[in-house]
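Novice:
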Amino acid sequence: MKDLITKRPLVFFDLETTGTNIINDRIVEISIVKISPDGSREVKTRRLNPEMHIPEEASAVHGIYDKDVENEPTFRQISQSLYIYLEDCDLGGYNIVKFDVPVLVKEFSRAGLQFSLENRRIIDAYNLYCKMEPRTLSAAYKRFCGKSLEDAHSAEADTLATVEVFEAELERYSAMAKEDIPEDVEFAKDLDILHKLCNPVIPDAVDPEGKFRWRGEEVVVGFGKNNGVPLRQIALENPDFLRWILRADFSQEVKQIAQNALKGFFPEKK
Numbered sequence: 098m099k100d101l102i103t104k105r106p107l108v109f110f111d112l113e114t115t116g117t118n119i120i121n122d123r124i125v126e127i128s129i130v131k132i133s134p135d136g137s138r139e140v141k142t143r144r145l146n147p148e149m150h151i152p153e154e155a156s157a158v159h160g161i162y163d164k165d166v167e168n169e170p171t172f173r174q175i176s177q178s179l180y181i182y183l184e185d186c187d188l189g190g191y192n193i194v195k196f197d198v199p200v201l202v203k204e205f206s207r208a209g210l211q212f213s214l215e216n217r218r219i220i221d222a223y224n225l226y227c228k229m230e231p232r233t234l235s236a237a238y239k240r241f242c243g244k245s246l247e248d249a250h251s252a253e254a255d256t257l258a259t260v261e262v263f264e265a266e267l268e269r270y271s272a273m274a275k276e277d278i279p280e281d282v283e284f285a286k287d288l289d290i291l292h293k294l295c296n297p298v299i300p301d302a303v304d305p306e307g308k309f310r311w312r313g314e315e316v317v318v319g320f321g322k323n324n325g326v327p328l329r330q331i332a333l334e335n336p337d338f339l340r341w342i343l344r345a346d347f348s349q350e351v352k353q354i355a356q357n358a359l360k361g362f363f364p365e366k367k
């Protein structure tokens, strides 16, 4: 790492937030590892008062509740010092490009600071992982079966390769030591168990796809840039989003929820 970082610090960071909506959700904790060209590392972790209620489903993920941050500073209060700390630094993290980076930029913007990404190098370990170990069928066939997939994208070749990959997966995963299996995974050569692994239940989903979800007693959008925004608010302030759903490739259940919302009818939790 020391030979890699030669000109300016590389700051790895991770955020815990009130939710997954880039526009509206706020930071409740930020952790930073600043690696300098001389090889030294500085670790800083700071909880923040998001100035809004932390939804229970978010607290269930990161374990931070309203009472834990009620006496902590707000992002605005620490923004100036954090801005200076990150000045002339590259950024790094795991799967930060789509969420953590834009959330951080948005928080700085609320505080009246323009946190520019121009000339900053962004290192995302998740994206690097996906690039170096692609999850395509051809890559899986090579990894699990040790063969190159000929005639890739022809239906028969792809189907036969998938069968081989699945059989190789069963053999490999069955032989895995218990400590090597993720804690939240139950694996067995059983179709019911495999079905659950391949089709995880989406928590608080209103529809089978989880495009709309329950947050307490209200329904919120569960995807895209409106992720976390209440359905009632969308219907009132951004009905074009619901009209787009009706035109786009969504399930009938999702379209029905959108159509009802446009008419002023919303799901009720049973």
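Residue 98 is where the sequence shown starts when you use the working numbering, and the numbers rise one by one after that. Cβ atoms here follow ideal geometry from the backbone N, Cα and C, with glycine treated the same way.
Identify, in the order they occur along the chain, each residue of the same chain with its Cβ nearer than 6 Å to the Cβ of A155, setting aside the five sequence neighbours on each side.
Specialist: Taking the sequence shown and counting its residues from 1, one reaches residue 155 at position 58. Once the five neighbours on either side are set aside, the close Cβ partners of A155 are T115, G116.
Novice: My understanding is that I127 touches L107, with C-beta atoms under 8 Å, so please give their C-beta distance in whole angstroms.
Specialist: For the purposes of this step, residue 127 is taken as residue 30 along the sequence shown, with counting starting at 1. For the purposes of this step, residue 107 is taken as residue 10 along the sequence shown, with counting starting at 1. Wrong, their Cβ atoms sit about 16 Å apart, outside the cutoff.
Novice: Kindly identify the DSSP beta-bridge partner or partners of F309.
Specialist: For this step, residue 309 is matched to residue 212 along the sequence shown. DSSP, once it has assigned bridges, lists V318 as partnering F309.
Novice: In the DSSP assignment, what residue or residues form a beta bridge with F110?
Specialist: On the sequence shown, position 13 is the one that residue 110 refers to. F110 is bridged to I129.
Novice: Under 6 Å Cβ to Cβ from L201, same chain only, skipping five residues before and after it: list those, please.
Specialist: Taking the sequence shown and counting its residues from 1, one reaches residue 201 at position 104. For L201, where only same-chain residues beyond five positions count, there are no Cβ hits under 6 Å.
Novice: For V194, which of helix, strand or coil comes out of DSSP?
Specialist: By 1-based counting over the sequence shown, the position of residue 194 is 97. Looking at V194 - three-state DSSP - the assignment turns out to be coil, as it is neither helix nor strand.
Novice: Given that a residue counts as buried once 16 or more other Cβ atoms are within 10 Å of its Cβ, and exposed if not, what is S53?
Specialist: The chain is shown only over 98 to 367; residue 53 falls outside these bounds and no answer can be derived.
Novice: Below 8 Å on the Cβ atoms is my contact criterion, and I expect V130 with V166 to pass it. Report the Cβ-Cβ distance as a whole number of Å.
Specialist: Translated into positions along the sequence shown, residue 130 becomes position 33. Translated into positions along the sequence shown, residue 166 becomes position 69. Not really, about 22 Å apart at Cβ, beyond 8 Å.
Novice: Check the DSSP bridge columns for T171 and list the partner residues they point to.
Specialist: For this step, residue 171 is matched to residue 74 along the sequence shown. DSSP output for T171 lists N146 as bridge partner(s).
Novice: Report all residues from its chain with a CB closer than 7 Å to the CB of E350; omit the five preceding and five following residues, and keep chain order.
Specialist: Here residue 350 refers to the residue found at position 253 of the sequence shown. If we look at E350 and ignore the five residues flanking it on each side, its Cβ neighbours are D304, P305.
Novice: Check this for me: beta carbons of I181 and P134, under 7 Å apart or not?
Specialist: Within the sequence shown, numbered from 1, the residue matching residue 181 stands at position 84. Within the sequence shown, numbered from 1, the residue matching residue 134 stands at position 37. No.
Novice: When DSSP builds the beta bridges, which residues end up paired with G189?
Specialist: In the sequence shown, the residue the question calls residue 189 occupies position 92. DSSP lists F109, I220 as partners of G189.
Novice: When you compare each of F362, D277, F109 to L183 by their alpha carbons, which one comes out closest?
Specialist: Counting from 1 along the sequence shown, the entry for residue 183 is found at position 86. It is F109.
Novice: Can you tell me which of the three DSSP states P300 falls into?
Specialist: Walking along the sequence shown from the start, residue 300 turns up at place 203. Reduced to three states, the DSSP call for P300 is coil.
Novice: How big is the Cα-Cα spacing for D248 and Y238?
Specialist: Here residue 248 corresponds to residue number 151 of the sequence shown, with the count starting at 1. Here residue 238 corresponds to residue number 141 of the sequence shown, with the count starting at 1. Straight-line Cα distance between these residues: approximately 13 Å.
Novice: Which same chain residues end up closer than 6 Å to V198 when comparing Cβ atoms and leaving out the 5 residues on each side of it in sequence?
Specialist: Locating residue 198 in the sequence shown gives position 101, where the first residue counts as 1. Nothing listed; no residue qualifies.
Novice: Quick check on the burial criterion: 16 or more other C-beta atoms within 10 angstroms. Buried or exposed for A258?
Specialist: Residue numbering aside, residue 258 sits at position 161 when the sequence shown is read from its first letter. Classification of A258: buried, given that the 10 Å Cβ count is 16 or more.
Novice: With a threshold of 8 Å, are at least 3 pairs of Cβ atoms found where one atom belongs to the region 328 to 340 and the other to the region 355 to 367?
Specialist: With a cut-off of 8 Å, the region 355 to 367 and the region 328 to 340 count as touching, because enough Cβ pairs lie within range.
Novice: Do you know how far the Cα of E153 is from the Cα of Y162?
Specialist: As a first step, residue 162 is located in the sequence shown; it is residue number 65 there, counting from the start. As a first step, residue 153 is located in the sequence shown; it is residue number 56 there, counting from the start. Answer to the nearest angstrom: the Cα atoms are 8 Å apart.
Novice: Take the Cβ of L179 as the centre, count every other Cβ of all protein chains shown within 10 Å, and call the residue buried at 16 or more, exposed below.
Specialist: Your numbering for residue 179 matches position 82 in the sequence shown. The residue is buried, with at least 16 neighbouring Cβ atoms inside 10 Å.
Novice: Quick check on K286: does DSSP put it in helix, strand or coil?
Specialist: On the sequence shown, residue 286 is found 189 positions in, with the first residue counted as 1. It is coil, neither helix nor strand.
Novice: Under the rule that 16 or more other beta-carbon atoms within 10 Å means buried, what is K104, buried or exposed?
Specialist: Stepping through the sequence shown from its first residue, residue 104 is reached at position 7. Exposed.
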